[in-house]
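Going line by line, the protein sequences match chains X and P. Each residue of the first sequence is one higher than the one before, starting from 1283 at the first, in our numbering. Each residue of the second sequence is one higher than the one before, starting from 406 at the first, in our numbering. For each residue, glycine too, the CB sits at the ideal point set by N, CA and C. This structure is a prediction, so every number in the text was calculated from the model and none was measured. Report on the following structure.
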Amino acid sequence: MKRTAMTALVAALIAAPVLVAAGPDDDTLVVNGEIEMTTKAPAPAHMEGTGIDTIMSGWHFREDETQALQMDDFDNTGMIFVEQAQEVWNTVEGTEGKSCASCHDEASESMKGVRAVYPKWDEDKEEVKTLAMQINACRTENMGAEAYKYDSVPMASMEALIAAQSRGMPMNVAIDGPVRETWEKGKEIYYTRYGQLELACANCHEDNWGNMIRADHLSQGQTNGFPVYRLKNTKLNTVHGRFKGCIRDTRAETFAPGSPELVALELYVASRGNGLSVEGPSVRN
Amino acid sequence: MKKAITTGIAVALSPIAVWAADVAPGQIVYEDGTVEQSLTGAPGDPENGAIIMKTKSSGNCISCHEVTALKDAQWHGNIGPVLDGAGDRWSEAQLRAIVTNAKEVFPESMMPSYYRVDGFTRPGNAYTGKAPDGPIEPLLTAQQVEDVVAFLSTQKDE
């Protein structure tokens, strides 16, 4: 792993003058002139031996124009979905006559810090739960409403509302204790070379971040910016939607959004971002 | 980089047998990082090889490699080495091994195997994300492999 990372680094340095974008930039991300984002941080201890000692937000790998769209909420299309979800938050749905607000009052208060610690252990169900799973549990069990489709726009929007309350706070998911087994499973998936192209997450995002794969500038594949508004598909994208796309691009049979495999992968990838600010909803291309 | 080990051994060869049909992916004989036998029994077309290497829905080699001779196509990646001079560094038989199954020459390489149909983990039906609905086709046909090898053989630094 180290060898390839080193080679990649050297290659990036040599190629620097001729490439449009080689390696991450050194810009700083401050949203609305007030939320200071930590977009580079020391790699968490569990990443020792990966060749990555500084973890970086995907924001650093985007063009200046794309970066700018995330610096002001008026330019961030993702914030439109936050506004819509704020309305849903206060809307009664389902057989129990409740809205999210019935139990959680103001999202701006009750949801502060929530995004930063998910996925996390669910004591009752004895499983790792993602934010999407919690949202659907609230809808079906507490409100008597229908579950959202796992990677749908309504789900992404609700996640965006919740993420937005933690913007600037460091990602801090637990990897020890009862979640450990799931975390290990996620790690195994991260390093498995899937599909006819035989590519693992690590091939692109650990060994080759900063390099170009055709027109794409590879980032470290961090999830701290999710949900992500992508200029390419002009919608809000969930973590599992992104994972599915990356696996499909290896000419593999993907895993379904919400599947145990992608839940485990989400926990593992999130833990590689521990220390980076929650940015969601962020803007990428 | 393993390429140092194998450079310099340019093997001149002429096809020994003419095959009625293409060599199938499972029939290829790898020997010390070489595949001596042409997959089609006929020389490849370097011009077509260039097109295959540039085309996103085909070989798409430039997604990982920069090649000066293919600069009419935009966006060359830098995951693998620049391929200028590949015809000096590698014999035709070595290039055929690299293109058909790069892992025979560079173990663990990130480079996909372009003429192999088994041994994959969760292979899909092309880029649909779904399970395959029939036997897996190699990424390139035998003729396309020979065309790409022919193009690479023309890549010599003067």
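For residue i, list the residues DSSP reports as bridge partners.
| i | result |
| --- | --- |
| Met1494 of chain X | X:His1499 |
| Asp1404 of chain X | X:Glu1409 |
| Pro1452 of chain X | X:Ser1559 |
| Ala1534 of chain X | P:Pro528 |
| Leu1518 of chain X | X:Tyr1511 |
| Ile1457 of chain X | DSSP lists no partner for Ile1457 of chain X. |
| Ile541 of chain P | Per DSSP, none; premise fails for Ile541 of chain P. |
| Glu452 of chain P | Per DSSP, none; premise fails for Glu452 of chain P. |
By DSSP, does residue i sit in helix, in strand, or in coil?
| i | result |
| --- | --- |
| Arg1344 of chain X | coil |
| Arg1512 of chain X | strand |
| Tyr1282 of chain X | Outside the shown range of chain X (1283 to 1567) lies residue 1282 of chain X, about which nothing can therefore be said. |
| Pro528 of chain P | strand |
| Arg1566 of chain X | strand |
| Glu1278 of chain X | Limits of chain X in this structure are 1283 at one end and 1567 at the other, which puts residue 1278 of chain X out of reach. |
| Val434 of chain P | coil |
| Ile457 of chain P | helix |
| Cys1420 of chain X | helix |
| Val1312 of chain X | strand |
| Leu488 of chain P | coil |
| Thr439 of chain P | strand |
| Lys1633 of chain X | Missing from the structure shown is residue 1633 of chain X; chain X here goes from 1283 to 1567 and no further. |
| Ile467 of chain P | helix |
| Glu1391 of chain X | helix |
| Lys1380 of chain X | strand |
| Glu1330 of chain X | coil |
| Glu1318 of chain X | strand |
| Glu1375 of chain X | strand |
| Asp562 of chain P | coil |
| Arg521 of chain P | coil |
| Val428 of chain P | coil |
| Ala1303 of chain X | Bear in mind that a pLDDT of 47 at Ala1303 of chain X, under 50, signals an unreliable position, so the number given afterwards is only what the model happens to contain. Coil at Ala1303 of chain X, not helix or strand. |
| Lys1431 of chain X | coil |
| Ala1414 of chain X | helix |
| Thr533 of chain P | coil |
| Ala1350 of chain X | helix |
| His1386 of chain X | helix |
| Glu513 of chain P | coil |
| Leu475 of chain P | helix |
| Pro1436 of chain X | helix |
| Val1396 of chain X | coil |
For the alpha helix (DSSP H) containing residue i, list its first residue and its last residue.
| i | result |
| --- | --- |
| Ala1323 of chain X | It is not in any alpha helix (DSSP H) - Ala1323 of chain X instead sits in the beta strand (DSSP E) that spans 1322-1324. |
| Asp505 of chain P | In the sequence as presented, Asp is not what sits at residue 505 of chain P; that position holds Thr. Counting along the chain, the alpha helix (DSSP H) containing Thr505 of chain P begins and ends at 497-505. |
| Arg1530 of chain X | 1521-1530 |
| Val494 of chain P | Per the sequence presented here, residue 494 of chain P reads as Arg, with Val not at that position. First-last of the alpha helix (DSSP H) with Arg494 of chain P: 491-494. |
| Ile1362 of chain X | 1360-1371 |
| Asp565 of chain P | Residue coverage of chain P in this structure runs from 406 to 563, which leaves residue 565 of chain P outside it and unanswerable. |
| Leu1549 of chain X | 1542-1553 |
| Ala1484 of chain X | 1483-1487 |
So the beta strand (DSSP E) residue i belongs to, where does it begin and stop?
| i | result |
| --- | --- |
| Ile1337 of chain X | 1336-1338 |
Tell me whether residue i, by its Cβ, gets closer than 8 Å to a heavy atom of the ligand FMN.
| i | result |
| --- | --- |
| Asp538 of chain P | In the structure on display, the ligand FMN does not appear, and there are no ligands present to speak of. |
Quick test of the definition: if touching needs 3 or more C-beta pairs under 8 Å, does the stretch 1413-1429 of chain X touch the stretch 1339-1347 of chain X? Pairwise C-beta distances place the stretch 1413-1429 of chain X out of contact with the stretch 1339-1347 of chain X, as fewer than three of them are shorter than 8 Å.
Please confirm if the stretch 1459-1473 of chain X is in contact with the stretch 444-458 of chain P, defined as three or more CB-CB distances below 8 Å between the two stretches. Segments in contact, no.
Within 9 Å of chain P by C-beta, residues of the stretch 1488-1514 of chain X in sequence order: Cβ contacts with chain P come from Asp1489, Asn1490, Asn1493, Met1494, Ile1495, Arg1496, Ala1497, Asp1498, Leu1500.
Mind checking the stretch 511-541 of chain P against chain X and listing, in chain order, the residues whose C-beta falls within less than 8 Å of any C-beta there? Residues Met515, Pro517, Ser518, Phe525, Thr526, Arg527, Pro528, Gly529, Asn530, Ala531, Tyr532, Thr533, Gly534, Lys535, Ala536, Pro537, Ile541.
For the structure I just gave you, are there three or more beta carbon pairs, one from the stretch 1527-1544 of chain X and one from the stretch 1555-1562 of chain X, closer than 8 Å? Under the Cβ criterion (8 Å, minimum of three pairs), the stretch 1527-1544 of chain X does not count as touching the stretch 1555-1562 of chain X.
Contacting positions in the stretch 1523-1539 of chain X - beta carbon closer than 9 Å to chain P: So the list reads Lys1526, Gly1527, Ile1529, Arg1530, Asp1531, Thr1532, Arg1533, Ala1534, Glu1535, Thr1536, Phe1537, given in the order they occur along the chain.
Between the stretch 1464-1488 of chain X and chain P, which residues of the former have a C-beta closer than 8 Å to a C-beta of the latter? Of all residues in the stretch 1464-1488 of chain X, the ones placed with a Cβ closer than 8 Å to any Cβ belonging to chain P are Thr1474, Arg1475, Tyr1476, Gly1477, Gln1478, Leu1479, Glu1480, Leu1481, Asn1485, in chain order.
At a cut of 8 Å, does the stretch 1520-1533 of chain X reach the stretch 489-496 of chain P through at least three beta carbon pairs? Put simply, the stretch 1520-1533 of chain X does not touch the stretch 489-496 of chain P. Fewer than three CB pairs are less than 8 Å apart.
At least three beta-carbon pairs within less than 8 Å, the stretch 1423-1430 of chain X to the stretch 1507-1516 of chain X: The answer is no - the stretch 1507-1516 of chain X does not touch the stretch 1423-1430 of chain X, with fewer than three Cβ pairs under 8 Å.
Three or more beta-carbon pairs under 8 Å between the stretch 1531-1538 of chain X and the stretch 521-528 of chain P, yes or no? When Cβ pairs closer than 8 Å are counted between the two stretches, the stretch 1531-1538 of chain X is seen to touch the stretch 521-528 of chain P, the count reaching three or more.
Contact between the stretch 1476-1496 of chain X and the stretch 1311-1328 of chain X (3+ Cβ pairs under 8 Å): These segments do not touch.
When you compare the stretch 435-447 of chain P with the stretch 1375-1389 of chain X, are there three or more beta-carbon pairs, one atom per stretch, that lie closer than 8 Å? No contact exists between the stretch 435-447 of chain P and the stretch 1375-1389 of chain X.
Residues from the stretch 455-471 of chain P in contact with chain X, defined by Cβ distance under 9 Å: Correct list: Lys461, Asn465, Ile467, Ser468, Cys469, Glu471.
Do the stretch 533-542 of chain P and the stretch 496-510 of chain P touch if we need at least three Cβ pairs shorter than 8 Å? No: fewer than three Cβ pairs fall under 8 Å.
The stretch 1481-1489 of chain X contacting the stretch 1398-1406 of chain X, beta-carbon criterion three pairs below 8 Å: Between the stretch 1481-1489 of chain X and the stretch 1398-1406 of chain X there are fewer than three inter-stretch CB-CB distances shorter than 8 Å, so the stretches are not counted as touching.
Counting Cβ pairs, one atom from each stretch, are 3 or more of them under 8 Å apart for the stretch 1363-1370 of chain X and the stretch 1525-1533 of chain X? Not touching, per the Cβ criterion.
Determine which residues of the stretch 476-506 of chain P have a Cβ less than 7 Å from any Cβ of chain X, and write them out in chain order. Of all residues in the stretch 476-506 of chain P, Trp480, Gly482, Asn483, Ile484 have a Cβ within less than 7 Å of some Cβ in chain X.
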